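Student: Here the protein sequences line up with chains Z, B, C, E, X and G, keeping their order.
With this note's numbering applied, the first sequence closes on residue 614, and no number is skipped along the way.
With this note's numbering applied, the second sequence closes on residue 614, and no number is skipped along the way.
With this note's numbering applied, the third sequence closes on residue 614, and no number is skipped along the way.
With this note's numbering applied, the fourth sequence closes on residue 614, and no number is skipped along the way.
With this note's numbering applied, the fifth sequence closes on residue 614, and no number is skipped along the way.
With this note's numbering applied, the sixth sequence closes on residue 614, and no number is skipped along the way.
6 protein chains.
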Amino acid sequence: MLNRIELLDLVHRALREDIGTGDITTEATIPAGATARGVILARATGVVAGLEVVRLVFSELDRGLTVISKKQDGEAVSPGDIIAEISGPARPLLMGERVALNFLQRLSGIATATHKLVELVRGYPIKVVDTRKTTPGLRALEKYAVRTGGGHNHRFGLYDAVLIKDNHIAVAGGIGPAVTAARRRAPHTVTIEVEVENLEQLEEALTAGADLIMLDNMDPATMREAVRRARLRTMTGRPVRLEASGGVRAENIVAIAETGVDLISVGYLTHSAPSLDFSLELDLGRNK
Amino acid sequence: MLNRIELLDLVHRALREDIGTGDITTEATIPAGATARGVILARATGVVAGLEVVRLVFSELDRGLTVISKKQDGEAVSPGDIIAEISGPARPLLMGERVALNFLQRLSGIATATHKLVELVRGYPIKVVDTRKTTPGLRALEKYAVRTGGGHNHRFGLYDAVLIKDNHIAVAGGIGPAVTAARRRAPHTVTIEVEVENLEQLEEALTAGADLIMLDNMDPATMREAVRRARLRTMTGRPVRLEASGGVRAENIVAIAETGVDLISVGYLTHSAPSLDFSLELDLGRNK
Amino acid sequence: MLNRIELLDLVHRALREDIGTGDITTEATIPAGATARGVILARATGVVAGLEVVRLVFSELDRGLTVISKKQDGEAVSPGDIIAEISGPARPLLMGERVALNFLQRLSGIATATHKLVELVRGYPIKVVDTRKTTPGLRALEKYAVRTGGGHNHRFGLYDAVLIKDNHIAVAGGIGPAVTAARRRAPHTVTIEVEVENLEQLEEALTAGADLIMLDNMDPATMREAVRRARLRTMTGRPVRLEASGGVRAENIVAIAETGVDLISVGYLTHSAPSLDFSLELDLGRNK
Amino acid sequence: MLNRIELLDLVHRALREDIGTGDITTEATIPAGATARGVILARATGVVAGLEVVRLVFSELDRGLTVISKKQDGEAVSPGDIIAEISGPARPLLMGERVALNFLQRLSGIATATHKLVELVRGYPIKVVDTRKTTPGLRALEKYAVRTGGGHNHRFGLYDAVLIKDNHIAVAGGIGPAVTAARRRAPHTVTIEVEVENLEQLEEALTAGADLIMLDNMDPATMREAVRRARLRTMTGRPVRLEASGGVRAENIVAIAETGVDLISVGYLTHSAPSLDFSLELDLGRNK
Amino acid sequence: MLNRIELLDLVHRALREDIGTGDITTEATIPAGATARGVILARATGVVAGLEVVRLVFSELDRGLTVISKKQDGEAVSPGDIIAEISGPARPLLMGERVALNFLQRLSGIATATHKLVELVRGYPIKVVDTRKTTPGLRALEKYAVRTGGGHNHRFGLYDAVLIKDNHIAVAGGIGPAVTAARRRAPHTVTIEVEVENLEQLEEALTAGADLIMLDNMDPATMREAVRRARLRTMTGRPVRLEASGGVRAENIVAIAETGVDLISVGYLTHSAPSLDFSLELDLGRNK
Amino acid sequence: MLNRIELLDLVHRALREDIGTGDITTEATIPAGATARGVILARATGVVAGLEVVRLVFSELDRGLTVISKKQDGEAVSPGDIIAEISGPARPLLMGERVALNFLQRLSGIATATHKLVELVRGYPIKVVDTRKTTPGLRALEKYAVRTGGGHNHRFGLYDAVLIKDNHIAVAGGIGPAVTAARRRAPHTVTIEVEVENLEQLEEALTAGADLIMLDNMDPATMREAVRRARLRTMTGRPVRLEASGGVRAENIVAIAETGVDLISVGYLTHSAPSLDFSLELDLGRNK
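#1: Count the CB pairs spanning the segment 429-448 of chain C and the segment 596-604 of chain C that are closer than 8 angstroms, and state whether there are at least three.
#2: Drop a sphere of 10 angstroms on the beta-carbon of K614/C, count the other beta-carbons inside from all chains shown, and report buried for 16 or more, exposed for fewer.
#3: Taking Cβ to Cβ, would you say F384/G is nearer than 9 angstroms to G414/G?
#4: I'd like to confirm the pairing. Which residues does DSSP put opposite K616/E in its beta bridges?
#5: Kindly indicate which residue of G346/X, L608/X, D609/X has the alpha-carbon position closest to the one of K469/Z.
#6: For the segment 377-406 of chain E, list the beta strand (DSSP E) runs that are entirely contained and at least 3 residues long, ordered along the chain.
#7: For K588/X, which option in G572/X, R567/X, V403/X, I579/X has the closest C-alpha, if you only look at C-alpha atoms?
#8: Could you run through the segment 374-403 of chain C and flag, in chain order, every residue whose CB is less than 8 angstroms away from some CB of chain X?
#9: Could you have a look at R564/E and say whether DSSP puts it in helix, strand or coil?
#10: Is T517/C close to chain B? Criterion is C-beta to C-beta, closer than 9 angstroms.
#11: Buried or exposed for Q398/E, please, with buried defined as at least 16 other CB atoms from any protein chain shown within 10 angstroms of its CB.
#12: Consider the Cβ of N613/B: report whether some Cβ of chain Z lies at a distance smaller than 9 angstroms.
#13: So A317/X contacts chain G; which residues on that side make the cut at Cβ distance below 7 angstroms?
#14: With 7 angstroms as the limit, tell me which residues of the segment 599-612 of chain Z have their beta carbon closer than that to any beta carbon of chain C; keep them in chain order.
#15: Comparing C-alpha positions only, which one of T352/E, G376/E, V454/E sits nearest to I495/C?
#16: Quick one: does the C-beta of G414/E sit closer than 8 angstroms to a heavy atom of the ligand ZN?
#17: Can you have a look at E386/C and say buried or exposed, based on whether 16 or more other CB atoms are within 10 angstroms of its CB?
#18: By DSSP, does R511/B sit in helix, in strand, or in coil?
#19: Do S404/X and T371/X count as a contact pair if the criterion is CB distance below 9 angstroms?
#20: If you follow the beta strand (DSSP E) that G414/E is part of, which residue opens it and which one closes it?
#21: Counting only C-beta atoms, is F482/E closer than 9 angstroms to chain G at any point?
#22: Please name the residue, chosen from V574/E, S571/E, T585/E, that lies closest to A556/E on a Cα-to-Cα basis.
#23: List the endpoints of the continuous beta strand (DSSP E) containing V488/X.
#24: Could you tell me whether the Cβ of R424/G comes closer than 9 angstroms to any Cβ of chain E?
#25: Where DSSP assigns a beta bridge to M540/C, which residues make up the other side?
#26: In chain X, which residues lie less than 7 angstroms from I345/C when you measure between Cβ atoms?
#27: Can you tell me which residues form a DSSP beta bridge with L608/Z?
#28: List the residues of chain B whose Cβ lies closer than 7 angstroms to the Cβ of A504/Z, in chain order.
#29: If you count every other CB in all the chains shown that lies within 10 Å of the CB of L558/E, and 16 or more means buried, which is it?
#30: Would you say L430/Z faces chain X, with C-beta separation under 9 angstroms as the test?
#31: To the nearest whole angstrom, what separates the beta carbons of I409/X and A362/X, a pair I think is in contact under 8 angstroms?
#32: Between which two residues does the alpha helix (DSSP H) containing K469/C stretch?
#33: Helix, strand or coil: which one does DSSP assign to H441/X?
#34: Identify which residue in E607/B, D609/B, I590/B has its Cα closest to the Cα of K453/B.
#35: Using 10 angstroms around the beta-carbon of T561/G, count the other beta-carbons present and answer buried if the total reaches 16, otherwise exposed.
#36: Please go through the same chain and pick out, in chain order, the residues whose beta-carbon is closer than 7 angstroms to the beta-carbon of H441/X, but skip the five residues on each side of it.
If you want it as structure tokens, here you go:
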């Protein structure tokens, strides 16, 4: 469930951006009293996400516009499927069309790309997770789309989990001191993850007591060895999980899943997923 | 040149989104007095866009951070090329990294995709233009990236040009009345464009005196006939330009350009271009 | 039709400015349960504009306030005419009074001033247009008031039309190069206007292919010659329109219209039109 | 001294409104490296106000722009007087011109109109004060302009003084109960003013112990009698001041001042003062 | 009555702060269709304040949530008292709980602390007033809570009353010149107060014609003498009131009241009052 | 390290709240050219927090104001200690005083209260942590103050950790299902905490695999038994930590620490800590 107050802010900004000082085409050609009914149709195959945003776009523009969802976020759609019906005054309906579709297409594109990867590794005890490589300003929405597609969320920002990278390690004086510092200062509610590039660093991270270890661009054989060592550690002490990261695509995700890692993070889901195509078809009427 | 006030707002929002209540990793592992120098490196081939945004991300986070551009927006980059150097306090440098790269990667991705299409039709008297299918909140930046890649901008919103579509035509009672209404009510500074699906509608639009006519999903042969008629009209009266639209990709853009249309609009540039990869490599020091 | 999201922002700002930490008079003297009915009356003759804003002022302050318009924007009003009725809780009704009237008086003042000039040149094939000399923050509303008074809008900002002035010409190396540069770089959807001070510059602008030419402070005889040359050009090639600008007032607008120019721009409409007087008369009741 | 944080907000909004997605004329015709020097010149006679706003408009748009004031707010200016010099990058200088002038012209217009009235009653022990009939969003600036012109400020909003009008009196059950309620509930730091229409009401207000009494649209003879009674009261007890209000103009202000009232409030100063004309003249250069 | 537009802003900010990218506990454990009913219970003895804010917290989060107040602001409450009932969708009800209670607890804490002092001096002709030592961003609400507890408000900011302190006196050249300058330049609607530390300064302030004199940290005997002199002045000329300030607590407030001062200002009310405890008890259901 | 962008927003809001339309006392009594130097002095014993905010208050109000810290956040201060020196233009220095002190006093009050509790349990392997019972809008700052006082942070909002309470348990059908649902749906980077009221619920939470268990208002004997069971579990499997919660004060914190729980959460730190007193003493000069 998205935070309504945040959504209002995003929707208002998008409407101001697109409509600005007014829709000069609609004002010139559509009478003030005209009404309309329309449907949003899928024009491609995928997973829909963003219907609540679509509803807000229209209702914020005009309280008289009604939106009835015909699909739920997370449902599969095919070309021609009706996603939602909108009815009410024709002018705001036309004015909100592009903004509504822009949100819907981007979010559904992310949900669809996520769903494809999730399906490929169905049956493996693994989670497909996102990254912070999101569109500036839209992170909460894009991470919602990842969840809608069956994926899971990695941290939302620099504030809600510790991820120790090479630069932090270098300054802190090694993985051990870095993990110790984080354990001492970060909130006890967050996990501490360390990014490692080889098995030596993996050992250091295991010894330091990391909760999560990110395997950065490792080959499957090395990952398998990492999994073996991590499981040994989990059985004999503090549990640890492994996350594969770097260059994950449909072509190699099954091979990665087979190594036994717990998580696969995929930046592609939010920075490069193509949008999913939808259109808005209208019946225009006129008030008596 | 981007509007600095708008950029500040976008950059502030992005930094608040990513950093939130604080970077718990950096605070735990990097001393307050540490300094750093870093470089942004290209990791793929393309066209760079967004360096002014990168500069603002760091300078807004800390006035002590200095950014020196090594490339200009619009320049070609190859893997390993240094794009910019950043130096100053280590903590804010690390905190701004992801936001800076997220902007840079998206904008450079758009510039790169645009540049590829523009190169394909180099030599034809045609412009590659964008659409309103942009990321909500980022339209001005994304349209800047299109220009940076050698493309041109279509209208920025519903407010700065008239585009009469089927719904407007239906309510207004035909292309003629719709164009007349727009000519009477819209500011005299904007052009009036009509979307047509066949040659009959084209004739109506020519008769109505449209400034621009969008050929929606026409095949090349029909487009060529449309071009012939439009040129005839331009020679004998009010000039008119034609815009090809719908499903344009690298595979078919040359065939479209050969028809003689004046403009080709491509939604893909902003709604589905993959991001261009960059990384930030740091040298970390410590103040004496 | 105004953009509701923009209106909300303006109305909220105005209410915060006037009410601040609270209406100490109303809180002390009006019981929480009191209700009231009131009417907005015209106290001068003119054209009303801004009723939608009036409605929002009251409904945003309290959802229980109802506003019924008795006039439409653009209608003529005389002293004593009832413009709107408002009813509901007495406290917010009193608190919103001044803000509602401040918007209404300013916008109606602009509509009235515009209407007077438009009436003077009725019968001439000419448009009275506004400028960018508007109140900071209220441009969209003020340009709406110009339309409501029968005028037309010039560009809304620096972003939606090209207007090449002497400074641009000087740096670009002449009118020809400036127009060429604008034609190459500005969106194809906007018109290109050049400001000229004499007939030599006019010739340059015609040769350069400007869409619009602004005649800056020319006398009627020179304007007539400019019209003659522009019509010749329109008949034999690219159409061009002329805009008279500078010092236009009721006293000289007919003389300008008689020259045959297409547009007359008047900064006075938005920077110096006096406000139109309205008052709010109340019947106060008390809830049982 | 204006509140810098409020000014920043106003200036940012005005710049976003005018520049929007970018200045397409300047970007096309002025090279990025060009520099310029310019002067703001008075084109009419009056009192200048708003130089601090002018400075912020340019410095917020580009930190490299320098503004040197040649006049102080409150000084008299004549056509041709140089008000300020601006130098730096040519593009932002051109982009900020209109916004800077729009602020300056409006504020100087108010200061000039105020100054004229203040001069007319110089020598009388009276203050010319403003009202809440200001432009929505610009009240603090407009009231600053009134002070700059030699006037004084009445209350800034509903929050900083009590003004009991007919509606409050009607519901509270008379002037006495209304003043008593206000005295009990409003902050002790604010004055309590009552609006009266005749001498009976004046007596009630005097008896109730009002600090200020507004004489609404009274003729001079009645005002003189009101002054006589108020002075009697002040000599024998709680001091009280009288404010003349309603239809004050240059034509009748001296007659009002002669009645001996303490204050004259003039809505015209902020709702209908014409703007004062200024222009920006540039010398454009180009960086080596 | 609070300004609804200001309240909306505060409530939105608080909800964004607490909910951020989403309530991960509620989303995981509470089905989307579940409904709930709950009551807010007092868990301590005091005075309630903030019910309108509580209502807005829930209604802004979800229009389907209904809040019914069982107490009015200003009423006494005891442990176990039901303050309000809330019903509707379970998810937003749970999400808004903490924000609603945080506002209610703080405001009721202030009202309770105020009420205690007000009760102690009941019967004395004195007002307990607040200061500007409030929580940044919450001043209007906190001063409302003081009124709700039976106290009165001192000035709301630097803008709505003059308070001349030692620094102003030093630069202005004495109390006399400072008061004269303020009388000449500040709005006539505000009172002029001077802070004095001894009887010599008191005399200067009386001579200068201050409306209010703040007795800074004086002992009761000195205050009594100050009262004697002030009353003498009030009887023979311009009335003046005295305000005791500095270190006021329950232990010494009666002794101060007995000196006869008119006002006692207490910073403690807003900067150090402990919060009053409330809880939200829920019955959770599930939609059929 | 605080997020500078967030700080700017808080500081701007606070300055707008206090200064509003202008500081009428300072404007009347302090010449525009006057300069000043001042020191912030401690007037009580405690721990200082908020110096970065103090710096921003003055520098945002006027770029010419310089702030030099004499203490670091987290240092102990005694009455008379100089905390910081400020110098520059006198007007903005006086205008920023109250806002700067309001931030400093509140944050230092929290740091001081935290430090007292932390000192009491020094030597025990336990962390004193805060809650979400913070001032609306100031959470990040208040939690920073807790860290500055030697405490640690619990979750920052509903978004960055799971905390399953009785209502969630009731709807989810027990502790086991609730933890399982959270484990499946919440980000893998956050810990899952369960609130329990007795040892039966503790057993359920241990069986369900909670990462943290909050012991709600338990007596020390029961807590000790809970600790015994939790340690047993940690030794034989997934580690678990215990948090004591409810009514923690200086009087009972040592008894709680002795039970061996890992964390003690204290709402009092942020909802009821009294502010720490500071003052600003000025030397005022005047520019030559």
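Glycine included, C-beta positions come from ideal geometry on N, C-alpha and C.
Being a predicted model, the structure only gives us computed values, none of them experimental.
Tutor: In short, the structure shows the following:
#1: yes
#2: No answer about K614/C holds up, because its pLDDT of 37 lies below 50 and its placement is not dependable.
#3: yes
#4: Given a span of 327 to 614 for chain E in the structure shown, any question on residue 616/E remains unanswerable.
#5: G346/X
#6: 392-395
#7: What sits at residue 588/X in the sequence shown is Asp, not Lys. It is R567/X whose Cα lies nearest to the Cα of D588/X.
#8: E386, L387, D388
#9: coil
#10: yes
#11: exposed
#12: Any reading at N613/B must be qualified, since the residue scores a pLDDT of 43, below 50, and its modelled position is unreliable; the value itself is stated next. It does not; no Cβ of chain Z falls within 9 angstroms.
#13: The question about residue 317/X has no answer here: the residues shown for chain X are numbered 327 through 614.
#14: none
#15: T352/E
#16: For the ligand ZN, the structure offers nothing, since it holds no ligand at all.
#17: buried
#18: helix
#19: yes
#20: 408-415
#21: yes
#22: T585/E
#23: 488-490
#24: no
#25: E521/C, E569/C
#26: N329
#27: G364/Z
#28: T355
#29: exposed
#30: no
#31: With 8 angstroms as the limit, I409/X and A362/X do not qualify as a contact, their Cβ atoms being about 17 angstroms apart.
#32: 465-474
#33: helix
#34: I590/B
#35: Note that residue 561/G is Met in the sequence shown here, rather than Thr. By the 10 Å Cβ count, M561/G comes out exposed.
#36: V373, G475, G476
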